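Protein chains in written order, with the working numbering: chain V, 5 to 336; chain L, 5 to 336.
This is the structure:
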C-alpha cells in the first residue's frame, strides 16, 4: 500500500530544498543518549526526484566529501530508503555544506537527516520520523562506522531528544526551554573514532551513579524549566575528563564561560567544538567573547555561533513541481 | 536567631504523632538516586518535648531494635538536631513499628524521617526539609553504615525524589503520577550490607549508557505522565542481575506480574521486597495475586501491600499541648 503510494508519488516530478541544522550530542551528562538541535549553522540541501532507481550526490563545498552515494552520509540513507520501498525512482541531492565536517556539531547527521526529510517530503511523508531516524543512521555508519542517533534524532525531531534505546529504537522528545547556545569550533582535528577509542570500556560504579543522577537532574530541569537545576546537572565525571585532553584549553574556556554567566556546557559530541547554554542573548554573547579571547590568545583559529535551540529540526524551505522534461534531463 | 526561637519553643510543652511511611528506593534504574513514597505500610511515632537535653526511645514492637538513642535510627538524627541547636531540651520518642526491619521498604528511613519531622513540628518548623534529610541520614548511618538519602528523601518530601547529589545535598522532587504500587515482602533475610557488597565496583560503559538512558526515560515518563515510557524505562542492567540472585523466584515473579498487566517493577531498595507499578487497582490486585500464588507455591512466608504513591510523605496526625507537670513526669 505504502509502496504503491510512493510509486505513484514518484511519478510526479518535484524538488525540495531543506535546511538541515547542526546538533549538539551528549549534552555533557547524556553520553550517547541525549542531543539538542541548533538553529545555526545549517546545511542547505536540494533534493529532486529521478525517474530511475539511482542516487546522485553533488557536493557544493570544499570539503572533498565522497560523492559515491554508498559512501556519502546523505546517499547511504537514501539507498536504504529506496531499497525498502523497492522503488523504481531515485533522488538527486545537492549539498551546500555550511557545517564543517569534524566540527563535533553533527555535520554528517545534518546531511543524513536533511536527505531523508527532503526525500520523505517528496514522497508525501510516507515515513514517520522514527523511520527517518532509522534510515539516517546508515549515514552515521558511513561517517563513523557506528550507527548512532544522538545527532540524527534531534536534527529530525528538533528540540532535545533522548535515545532511550537504539535496538529497538526508542526516541523521546523533551520540550526544550528557551535557552541560548554559544558554540566555539577551534579549528583542530579530533577524529570521532579517536575520541571514542580513548574512552575506557569500564567505569567506576560510583561515577556511573553520579552520571545518572546528573542526567536525571538534567531531564527534570528541562521538563520543569528549572534553569539552575539544568546548570547544576551539566556535569560529566566519565567522558569529559578523558576527551577534554584532546581539546586545547578546554578547562580554561569552560571556567571562563561559566564565570561569564553561562548555565554550563561542555564538549559538543566528540569535539572539538565546545557549547555553552545561557538564559539570555547578552550572556550568550559575553560567553562567545570569552571563547574568542581565549583562542585568540593561544593562536588557534576558530568559528563561533550564538544561536538558540531549534524546536522543529530539518525544515522544508522551498518546494516546487518541475515538468517531466526537466526531471528526465537531470536524470540522464 | 533560630536557636533562640527553638529554645523559646521548647519551653512550651507539646506532643505530636506522625505516620512515617515506607519507601521504595532505586526505582529499578535509579540505583542510589531515586526513591518513591508509599501510602502503606507506615510506622506510628509519638514524640514529646522534654525539658532537659536528652533523647529517650521506646520501641513498641517485637523487633528488638536498640533503644540506646545513639544506636537507634530515630535517636541518632535527633541527637544531631539537638547538638546543632545547642538545645537545653530533648525528645521522648515512642515507635509503633509496622514496617518490618530488613524488608527493603525503608524501615530505618521511616523511623529517622518520622522522628525529625515530628521534632521539627514541635519546634514550629525551625528547619527546612533539606535540613531534615541531612539529620535523618544519621539514622541511615546507624542502620547501614552509610549515609544515603534515597529512602529518607521520599519519606520526607513524598512522591518521587531524585538525589542528584549527596555532597552537597541536592534533592529534586518529581511530580508523581497516580499509579498503584504492589509490594511483596518474602520473609527471607537480605542484609543491606551484603546486598551492597556483592555489587561490582566497576561496570561496563555500555551498560552504564543503557542505565542512564533508562533513568532519563523514567524521569521524562514521570514528568510527562507517559505510562508506557515509565514501563519501558523500568529496566536495570547493572544492579538487578546481581542482587536478584539473593531473592528466591525474583525473575519468575517479575515475569508473572508484568504478564498480569504491571507497567514494570523490580527489587525495592536492596530487597528482598519486590515492587510493581500498575495503572489501576484491578491490575495492582491481580499482580498481588500472582505474588501470593508464587510464594505460596514455594513455601516462603510473605506480606503484600497494595497501595498508592504517597504524595506528602511523613504526616502529622495528632498534635497536643501537655501541661508542664506532665512533661516533667515523662522526662524524669
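All C-beta atoms, glycine included, are put in the ideal place defined by N, C-alpha and C. For clarity, every value in this text was computed on a predicted model and none was experimentally measured.
Report yes if the C-beta distance between residue 227 of chain V and residue 178 of chain V is below 9 Å; otherwise report no.
yes
If you check the beta carbons only, do residue 224 of chain L and residue 223 of chain V fall under 9 Å apart?
yes
Quick one: residues in its chain with C-beta nearer than 7 Å to the C-beta of residue 139 of chain V, no 5 flanking neighbours on either side, listed in chain order?
81, 84, 85, 120
Measuring only between beta-carbons, confirm whether residue 217 of chain L sits less than 9 Å from chain V.
yes
Report the residues of the stretch 257 to 284 of chain L with a CB closer than 8 Å to any CB of chain A, ordered along the chain.
Included in the structure are the protein chains V and L, with no chain A among them.
Taking C-beta pairs closer than 7 Å, name the residues in chain V that residue 205 of chain L reaches, listed in chain order.
208, 209
If you count every other CB in all the chains shown that lies within 10 Å of the CB of residue 155 of chain V, and 16 or more means buried, which is it?
buried
Going by CA-CA distance only, name the one from L:231, L:62, L:274, L:302 that's closest to residue 281 of chain L.
L:231
So is residue 195 of chain L buried or exposed if we call it buried at 16+ other beta carbons inside 10 Å?
exposed
Check the Cβ-Cβ distances between residue 319 of chain L and every residue of chain V, and say whether any is below 9 Å.
no
Between which two residues does the alpha helix (DSSP H) harbouring residue 297 of chain L extend?
285 to 301
Could you tell me which of V:277, V:288, V:256 sits nearest to residue 267 of chain V, measuring between CA atoms?
V:288
Any heavy atom of the ligand SAH closer than 8 Å to the beta-carbon of residue 316 of chain L?
As presented, the structure is devoid of all ligands, the ligand SAH included, so that no description of it is given.
Note down, in chain order, every chain L residue with its Cβ under 7 Å from the Cβ of residue 178 of chain V.
224
Mind checking the stretch 160 to 190 of chain L against chain V and listing, in chain order, the residues whose C-beta falls within less than 7 Å of any C-beta there?
166, 167, 168, 169, 174, 176, 178
Residue range of the alpha helix (DSSP H) that residue 79 of chain V falls in?
79 to 89
Using the Cβ count rule (16 or more neighbours within 10 Å means buried), how would you classify residue 214 of chain V?
buried
What residues of chain V sit near residue 233 of chain L, judged by a beta carbon separation below 9 Å?
168, 174, 176
Listed by chain order, chain V residues near residue 221 of chain L by CB distance under 7 Å
166, 168, 176
Residue 275 of chain V and residue 108 of chain V - do their beta-carbons sit closer together than 9 Å?
yes
Rounded C-alpha distance that separates residue 94 of chain L from residue 71 of chain L
15 Å
Please name the residues in the stretch 20 to 41 of chain L whose beta-carbon is closer than 9 Å to at least one beta-carbon of chain V, in chain order.
33, 34, 35, 36, 37, 38
Cut-off 8 Å between Cβ atoms - residues of its own chain near residue 246 of chain L, not counting five sequence neighbours on either side
202, 203, 204
For a contact meaning CB atoms closer than 8 Å, what does residue 248 of chain V contact in chain L?
Here the premise fails: no neighbours, minimum Cβ distance about 17 Å.
Would you be able to state if there are at least three C-beta pairs under 8 Å between the stretch 256 to 265 of chain L and the stretch 294 to 308 of chain L?
yes
Considering only residues of the same chain and omitting the five flanking positions on each side of residue 158 of chain V, which have a CB-CB separation below 6 Å?
27, 39, 40, 41, 165
Proximity test, Cβ basis, 9 Å: residue 197 of chain L and chain V:
no
Does residue 175 of chain V pass the burial test, meaning 16 or more other C-beta atoms within 10 Å, or should it be called exposed?
buried
In whole angstroms, what separates the C-alpha of residue 46 of chain V from that of residue 188 of chain V?
15 Å
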